[in-house]
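Residue numbers (the working numbering), protein chains in the order written: chain G, 13 to 400; chain U, 59 to 211; chain W, 1065 to 1444.
Every residue, glycine too, gets a C-beta built ideally from N, C-alpha and C.
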């Protein structure tokens, strides 16, 4: 079977509106950080995986060309992985398989986005089906709001409770972002602020939505043999899962969302996880929208369907809860999309390596990272553990 | 103090021309005649709207055209209240998933025919499960907006 | 390679401009591949596609569009951007990891719906410096060609001969987009595109949906009697700014050496029986042959003059007509591999070469003047 693979280091930029650097410089900042942190010589890297959102986001196509030097990838083997919003986790999967297949011992994975240089919602609308659907999908929020509305209605969740739970999530993550040196949005908000914020796409309000961020993330994956040789601590890959469904929004049920359920199942099976809420110590769920985050808890088996708002309000998924979710502040506070899934992976790695600093979940040994993409289509998961 | 650096302002425009193919050509010809067509999967028996040449789940060719009802029930909706560059429909609008009677998937379209300015009123009026029907445009061009929107029955 | 991976089936669509939509075309090619290999959609372990948003009809996040049309509904998969040979490598890696015993690899590009290749590749250029002066792949190639002609004393006629050979070979290829019997003079007198490149030396903008089924050794034996084994693969990326690079000493040697090492090829000119090389610009077939070690450095011109690279020569290069005959930008690397497989299986129809092909090479390139290269060595 697959060779054991571990993450030995991560590098993130300071995420935010970064008009102080051009795009390649932003990428270089993350790459230099991971090399400095691990002490790895860039010359020893066997292969580089890079990825981003669509070309339209920044108006530059096939960015692996543009970033060849910033990633120190000149003369290297290269793979370029892109799967829309789930890109970051897909990059991690590519790096994982490259090492697991025996074809490389050290792989640098880089995800990047500079969203403030483009128009993210105009870009997202070009993802939608051009003959039938593009006219009705208001960027990403439109689709995800409809999904949230479908879920709320299915389980008869009262609006007051729903808004309380969403506001609770928003307040928790905005507070957590202060403990994460790389996070973008650092503002203190109250429950009332969130509940009374302007409607973007009902039921989603301004403080239920992630920002447009500039940021990059670099992660080094290594083989068992290399990790032993280097004498390094690692976050071991315990399971990977990915699942996708149809392009036509409307073909599949999005409340009991099979792509999310199946992706988690694949990863749990490999990792030998039966009861995720008990066995996982921390989860970095891709949460660009507060409402959708609750839906993911249910699809990933953290609780039963329709139960998430109650548990959120009980603090089950808070920083000191049974299964802390997004102690980094998550996607809600930082979203450079092409990097985001890899940031979730990096954050999960930091947790199980005990290197998460002020947002460390004490004693975390098993962590889940997740990303979602397409027209509500794709979910990717990677599970990391402190033990091989 | 952070120093402000220069930026370049640029806009991308690229021309594309996309083929409808046989199935979608027929679907949109139907729209011009105020008809909504679906296709039926021979394996699972599901009626897919808009018409598809194959069933995405069973991965076999669809073999039967069916004209479907212009009325259906609301599955989910969202009130859009923000603007962005190139937005095809001006906000506010209601994007919605609609299950047309006799079909097995949801059609994405607009809900209209009500005052959209007042959101509280919208919330009182628009409910999942409510009946809606297609309102056609007088001038039809074989475009998805030949149906202006679906209005509450 | 530790765990053997085989190509057990291939399918492609005709490169001419059809009126069918992209969504249906992708379904038809996938369906053909499944029918040929006798597998059902649910038998496939994992799906790796190749496509690029810029070459995707103005629809972003390309894989969102075609996920279910390629049979991947509720399956594990991923996508490679830019060049489809990479998707082949990734599919092979997934099998080598032991997680899957089959992988469907598919490349998608419908050139007829896209802007010109020049408009698209202009989008590779950085917006501050190179884009402002109009750098695209054709301009980069023209500059590279001038350098090559001067340094290696390659003549315009020798470059034109590549187009004559490949467009002639394409007469036997039903999947080709452009084909014909041309003279060297026809090629040189065709419209000037970017000096010294003339129209017949520049690849067209074509359609190509190209699919391949990969399988583990054990599984391959159950699916086909004629597996083609992936013996080695390698890639390499060059620096970005055109002026920083040595355009005549690029990364192809690096990519090829990696593939050769894995495949235990020590004398490619002797051990490789046939090569399908991506030559979006005619002269590049000569330059790439040199870099691949299929002839001596600087010997590209002599090689084409000798007739060795003709369809029935000692070392046939692009018997399919190559990229000059069919250029579905993203799909062209995987299409080279598909053509190599057909030759090895003796299923290449009118374009089948006379010699027996035991070991073949497939090459893909993209980026300015070959900024990035990928090489696969396939064997029976």
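What's the call for residue i, buried or exposed, on a 16-neighbour Cβ count within 10 Å?
i: residue 120 (chain U); result: buried
i: residue 56 (chain G); result: exposed
i: residue 1184 (chain W); result: buried
i: residue 66 (chain U); result: exposed
i: residue 211 (chain U); result: exposed
i: residue 176 (chain U); result: exposed
i: residue 391 (chain G); result: buried
i: residue 40 (chain G); result: buried
i: residue 127 (chain G); result: buried
i: residue 1255 (chain W); result: exposed
i: residue 1130 (chain W); result: buried
i: residue 80 (chain U); result: exposed
For residue i versus residue j, is the C-beta distance shorter than 8 Å?
i: residue 1389 (chain W); j: residue 1074 (chain W); result: no
i: residue 1230 (chain W); j: residue 1376 (chain W); result: no
i: residue 198 (chain U); j: residue 128 (chain U); result: no
i: residue 350 (chain G); j: residue 378 (chain G); result: no
i: residue 1197 (chain W); j: residue 1346 (chain W); result: no
i: residue 1349 (chain W); j: residue 1386 (chain W); result: yes
i: residue 106 (chain G); j: residue 1086 (chain W); result: no
i: residue 373 (chain G); j: residue 339 (chain G); result: yes
i: residue 1268 (chain W); j: residue 1242 (chain W); result: yes
i: residue 304 (chain G); j: residue 160 (chain G); result: yes
i: residue 288 (chain G); j: residue 212 (chain G); result: no
i: residue 1116 (chain W); j: residue 1394 (chain W); result: yes
i: residue 1148 (chain W); j: residue 1397 (chain W); result: yes
i: residue 156 (chain U); j: residue 130 (chain U); result: yes
i: residue 230 (chain G); j: residue 101 (chain G); result: no
i: residue 1077 (chain W); j: residue 1314 (chain W); result: no
Counting only the same chain and skipping the five closest in sequence on each side, list residues whose C-beta sits under 7 Å from that of residue i.
i: residue 141 (chain G); result: 259 and 260
i: residue 1068 (chain W); result: 1281 and 1293
i: residue 235 (chain G); result: 15, 17, 111 and 117
i: residue 343 (chain G); result: 222, 298, 299, 300 and 352
i: residue 1318 (chain W); result: 1300
Out of curiosity, what's the CA-to-CA distance linking residue i and residue j?
i: residue 146 (chain G); j: residue 115 (chain U); result: 23 Å
i: residue 1005 (chain W); j: residue 193 (chain U); result: As shown, chain W starts at 1065 and ends at 1444. That puts residue 1005 (chain W) outside it, with no answer to give.
i: residue 85 (chain G); j: residue 60 (chain G); result: 6 Å
i: residue 1296 (chain W); j: residue 153 (chain U); result: 51 Å
i: residue 292 (chain G); j: residue 335 (chain G); result: 7 Å
i: residue 73 (chain U); j: residue 1118 (chain W); result: 11 Å
i: residue 1384 (chain W); j: residue 92 (chain G); result: 28 Å
i: residue 341 (chain G); j: residue 124 (chain G); result: 19 Å
i: residue 133 (chain G); j: residue 1214 (chain W); result: 49 Å
i: residue 179 (chain U); j: residue 203 (chain U); result: 25 Å
i: residue 164 (chain G); j: residue 165 (chain U); result: 20 Å
i: residue 1106 (chain W); j: residue 1135 (chain W); result: 8 Å
Give every residue of the same chain whose Cβ lies closer than 6 Å to the Cβ of residue i, excluding the five residues on either side of it in the sequence, and list them in chain order.
i: residue 1258 (chain W); result: 1202, 1203 and 1206
i: residue 110 (chain G); result: 59, 116 and 119
i: residue 68 (chain G); result: 135 and 138
i: residue 45 (chain G); result: 23
i: residue 333 (chain G); result: 327
i: residue 129 (chain G); result: 70
i: residue 1380 (chain W); result: 1338 and 1417
i: residue 1139 (chain W); result: 1111
i: residue 99 (chain U); result: 113, 116 and 120
i: residue 178 (chain G); result: 220, 302 and 303
Skipping 5 residues on each side, what residues in its chain have a beta carbon closer than 8 Å to that of residue i?
i: residue 223 (chain G); result: 196, 197, 345, 346 and 347
i: residue 386 (chain G); result: 95, 96, 97, 98, 139, 256 and 259
Ordered list of alpha helix (DSSP H) runs contained in the region 319 to 343 of chain G, each at least 4 residues: Listed in chain order, they are 320 to 326.
Contiguous beta strand (DSSP E) assignments of at least 3 residues, all confined to the region 1395 to 1433 of chain W: Complete beta strand (DSSP E) runs here, min 3: 1423 to 1430.
Length-filtered (4 minimum) alpha helix (DSSP H) runs lying within the region 227 to 274 of chain G: 236 to 242
Runs of alpha helix (DSSP H) wholly within the region 1124 to 1205 of chain W (minimum 4 residues, chain order): 1126 to 1130, 1149 to 1160 and 1181 to 1186
Runs of alpha helix (DSSP H) wholly within the region 135 to 216 of chain G (minimum 4 residues, chain order): 151 to 166, 171 to 189 and 203 to 207
Runs of beta strand (DSSP E) lying entirely within the region 1245 to 1289 of chain W, each at least 3 residues, in chain order: Counting whole runs of 3 or more residues, the region 1245 to 1289 of chain W contains the beta strand (DSSP E) stretches 1256 to 1258 and 1271 to 1280.
Complete alpha helix (DSSP H) runs within the region 62 to 116 of chain G (minimum length 4 residues, chain order): 75 to 78 and 99 to 112
Segments assigned alpha helix (DSSP H), at least 4 residues, entirely inside the region 1071 to 1106 of chain W: 1086 to 1101
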